[in-house]
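Q: Those letters in the sequence shown? Residues 715 to 984, by my numbering.
Idealized CB from N, CA, C, for every residue including glycine.
I'd like to ask some things about the structure below.
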Amino acid sequence: MTNNKRGVITGLIVISVLAFFLFFVDVGHSKQLNDDSRLPLILIPGTNSDQDRFDDFIQSMRKKIGPRDILKIEVQKNGDLKWTSSLRKKSVNPFIVISFADNSEEAVDEQAKWIQIAMDKAHDLYKFDAYDAVGHSNGGLAWTMYLEEETSSQTSQMKKLITLGTPYNDLETEDNPYPNRGLLKETERLQYMVQMKHAIPNSLSMVSIAGDYKDGSDGVVPITSVLASEEIYKNDITSYKEKVFYGDDAQHSDLIENEIIINYIVNELY
715 MTNNKRGVIT GLIVISVLAF FLFFVDVGHS KQLNDDSRLP LILIPGTNSD QDRFDDFIQS
775 MRKKIGPRDI LKIEVQKNGD LKWTSSLRKK SVNPFIVISF ADNSEEAVDE QAKWIQIAMD
835 KAHDLYKFDA YDAVGHSNGG LAWTMYLEEE TSSQTSQMKK LITLGTPYND LETEDNPYPN
895 RGLLKETERL QYMVQMKHAI PNSLSMVSIA GDYKDGSDGV VPITSVLASE EIYKNDITSY
955 KEKVFYGDDA QHSDLIENEI IINYIVNELY
């Protein structure tokens, strides 16, 4: 074999190996991009709030992060579902809102199983392996109880949870002294959630947001009750943060409409 032929063959082998390597690197990179793009943000509103409660929040988010499709699922008391959707198969990082026809205070303990029903439908309509979550007020309790009570039936992995104004230790001021958080008196519900916290995935990252409007509360939920989230999450997950926002726009109902808070959430999630 001449030197020229050997050179050609060697060159072809080098090119083939290079092409093979680049192909699989590209495929892997594309898969990673695809996985990241199929990470929905799933939102649960608080007591007495319906599927439209996050409309202003979503509108503000979309101005900051770009267009996103929306799926809204409402779970009825008997487990039936109603939903509206603008999702497409190629939707990127959509918003999914889960709400409940019975959104009363008394229904909070039922909402973990209702969330799972909604999550099953969400997976039917949009394929994803992981998601981020936001819960306002009792929506944060619903997410917490879902993580604790429905772990075995989860169809995807929550990566980050952000709760806003969530009353982890109910609403009584005397049980939630501030700033003397060490004097917190645990309610039965908090004790139950602490007892069940072992079921929460330790890969989770969590942010607990409180509002300081006046007198150590957001006007509804004491700051100490909100930050009692540490009893459940701190030291048992990958990352736990607390953030308190101040002023007139830190009132309970305004927490998901406050532009400063929304900017903070965008930075945390995107």
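1. From this set, 926, 861, 890, 885, which residue's C-alpha is nearest residue 918's C-alpha?
2. Identify which residue in 888, 759, 944 has its Cα closest to the Cα of residue 829.
3. Since residue 879 and residue 932 are thought to touch, with beta carbons under 8 Å apart, how far apart are those beta carbons, to the nearest angstrom?
4. If you run the structure through DSSP and keep just helix, strand and coil, what is residue 844?
5. Below 8 Å on the Cβ atoms is my contact criterion, and I expect residue 970 with residue 771 to pass it. Report the Cβ-Cβ distance as a whole number of Å.
6. For the region 847-934, list the beta strand (DSSP E) runs that are entirely contained and at least 3 residues long, ordered along the chain.
7. What is the DSSP secondary structure of residue 771, counted as helix, strand or coil?
8. So, residue 761 versus residue 817, is the Cβ gap smaller than 7 Å?
9. By how many angstroms is the C-alpha of residue 834 removed from the C-alpha of residue 766?
10. Quick one: is the Cβ of residue 752 within less than 6 Å of any heavy atom of the ligand SAH?
11. Going by C-alpha distance, which of 842, 901, 883, 751 is nearest residue 854?
12. For residue 942 versus residue 904, is the C-beta spacing smaller than 7 Å?
13. Have a look at residue 865 and residue 859 and give me their C-alpha separation to the nearest angstrom.
14. Mapping DSSP to helix, strand and coil, what is residue 945?
15. If you count every other CB in all the chains shown that lies within 10 Å of the CB of residue 777, and 16 or more means buried, which is it?
16. Which residue or residues does DSSP assign as beta-bridge partners of residue 954?
17. Taking the straight line between their C-alpha atoms, what separation do you get for residue 873 and residue 798?
18. Helix, strand or coil: which one does DSSP assign to residue 761?
19. Out of curiosity, what's the CA-to-CA distance linking residue 796 and residue 976?
A: Reading from the atomic positions:
1. 861
2. 759
3. 5 Å
4. DSSP, read as helix, strand or coil, puts residue 844 in strand.
5. 5 Å
6. 871-878, 919-926
7. helix
8. Between residue 761 and residue 817, the C-beta spacing is below 7 Å.
9. Going by the C-alpha atoms only, they are around 21 Å apart.
10. Inclusion of the ligand SAH in the displayed structure is not the case, the ligand content being empty and no account of it being possible.
11. 883
12. yes
13. 10 Å
14. Note: residue 945 maps to helix in three-state DSSP.
15. exposed
16. 920
17. 25 Å
18. coil
19. Near 28 Å, if we compare the C-alpha coordinates of residue 976 and residue 796.
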